[in-house]
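Per our numbering, the very first residue in the sequence shown carries number 544; after that it's consecutive.
Yeah, the Cβ is synthetic: ideal placement off N, Cα and C, and Gly gets one too.
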Amino acid sequence: MEQAKFYGDIAEGPASGNAYWIETDDGVRVRVGTYDSEAEAKGTILLMLGRFGYVERYGRVAKTFAEKGYSTAIIDWRSQGLSDRMAPDPQAGHIVSFSDYQKDVAAFLKAAEELQLPKPYFLVGVSMGACIGFRAMLDGLPVAASAFISPMFGIKMSTIQRIAAWPLSWAFQKLGMGQKYVPGESGAIYVLETPFENNNLTHNNAMYDYWVKQAQAAPELQIGGPTMSWLHEALAECRRLSTVPSPSVPCITFCGELDQLVDNASIKRRMEKWPNAEFSMIRNAKHDVLTEIPEVGGDVMIQIFDFFARANSAAKR
């Protein structure tokens, strides 16, 4: 594997942070980042972030993981971070087929093996990353347990928006215009365009300021809004996943009561029929509960670490 650019100064993660270029089966170059544990190794967390995600975005979170004995591996999905962009407009959050993300997952897992990251593996999936991770678990992703943060099992829309989204996104794809932005979206960087008071991600001012500083220092890591093709493929994948049985892998899931991005009702339905699963709705929390105010995000972390320890102990019996 070839070394990739890594912005350690803005990541503020463990000093062991590193990044590598890997290639998927369809020839897309994606970036993987790693952080070593700072305590006795308990395994590796495969961190799958959402649509705005990139390696450095969760550097502070990876530091907490490291302090608790977990190495971390993070991937820039195609069209995100420093990975190859899939549209002529590099700011577009574009995907041709949602199944393409599984090609990224396969390359990610291969890299973890080649880097000999400590086992067992655990999955932490955030928003779209949880949707991708869920599909990977159905396909046999070798993780001992999983934790989902506001998983994208459904996209929050009004009834009118949902009625319009399906035929419009389908038509744009069929007419070869799938790379157009969803109406109302653009290539603007969300954290630079949205004041903290109006953001739909977190109540944690310090965390939001951290993301703003990252975007100012390295705008090349950022993307803008989703394309019509991404919207159609995401809606279709959510619909497909709603009909499948849950995997046998233990899972703990957290949602924010005030989430404006994903459909909490879809998450509740999934968790109600998932054996070995735990579910928590966090009052007064926004979308990214893992980076919410410290008393919220910290408690979520504690619950994840406890769940992973219990799941790993049960697997050894």
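Counted as a single uninterrupted DSSP element, the beta strand (DSSP E) harbouring Glu566 occupies residues 561-566.
For the pair Ile692 and Arg826, the Cα-to-Cα distance works out to about 14 angstroms.
With a cut-off of 8 angstroms on Cβ pairs, the stretch 626-635 is not in contact with the stretch 648-662, counting fewer than three such pairs. Within a 10 Å sphere around the beta-carbon of Leu735 sit fewer than 16 other beta-carbons, which makes this residue exposed. The C-beta distance from Cys674 to Glu780 rounds to 6 angstroms, short enough to meet the 8 angstroms contact threshold. For the options Ser789, Gln846, Tyr613, Ala635, the alpha carbon positioned closest to that of Val725 is the one of Ala635. Using a Cβ distance threshold of 8 angstroms, Gln716 and His775 count as a contacting pair. Taking the C-beta atoms as reference points, Phe696 is found nearer than 8 angstroms to Arg813. With respect to the C-alpha of Tyr753, the residue from Tyr601, Trp709, Arg574, Arg572 having the closest C-alpha is Tyr601. Put simply, the backbone Cα of Gln704 is about 31 angstroms away from that of Cys794. Of the candidates Lys723, Ala749, Gln759, Gln759 places its Cα closest to the Cα of Ile732. Runs of the alpha helix (DSSP H) lying entirely within the stretch 744-828, each at least 4 residues long, are 748-760, 771-784, 807-815 in chain order. DSSP places Arg628 in the coil class of the three-state scheme, outside both helix and strand. Checking the DSSP bridge columns, you'll see Asp619 partnered with Arg574. Note that the stretch 585-603 touches the stretch 665-682; at least 3 beta-carbon pairs, one per stretch, sit closer than 8 angstroms. The stretch 598-613 makes contact with the stretch 569-584; the number of CB pairs closer than 8 angstroms reaches 3 or more. Annotation for Val669: the continuous beta strand (DSSP E) segment containing it runs 664-669. For Met844, the secondary structure class from DSSP, reduced to helix, strand or coil, is helix.
With a cutoff of 8 angstroms on beta-carbon distance, Asn742 and Leu804 are scored as not near each other.
Residue pairing for Phe691: DSSP places it in a beta bridge opposite Gly668, Thr796. Secondary structure at Leu592: coil, using DSSP grouped into helix, strand and coil. Here Ser640 carries a coil assignment [DSSP, helix/strand/coil]. The continuous alpha helix (DSSP H) containing Tyr733 extends over residues 733-736. In the three-state scheme derived from DSSP, where H, G and I count as helix and E and B as strand, Tyr550 is classed as coil. By the neighbour-count criterion, in which 16 or more other beta carbons inside 10 Å mark a residue as buried, Asn747 falls on the buried side.
Taken through DSSP and simplified to helix, strand or coil, Tyr601 comes out as helix. Rounded to the nearest whole angstrom, the C-alpha separation of Ala649 and Asp552 is 29 angstroms. Of the residues Gly767, Gln846, Lys829, the one whose Cα lies closest to the Cα of Gly596 is Gly767. Non-local C-beta neighbours of Ser689 in its own chain, meaning closer than 6 angstroms and more than five positions away in sequence, comprise Leu666, Val792, Cys794, ordered along the chain. Distances from the CA of Pro694 to each of Gly840, Ile810, Trp713, Trp709 were compared; the closest alpha carbon is that of Ile810. Between Glu599 and Leu764, the C-beta spacing is below 8 angstroms. If the five residues before and after Val843 are omitted, its C-beta is found closer than 7 angstroms to the C-beta atoms of Phe797, Val832, Leu833, all from its own chain and listed in chain order.
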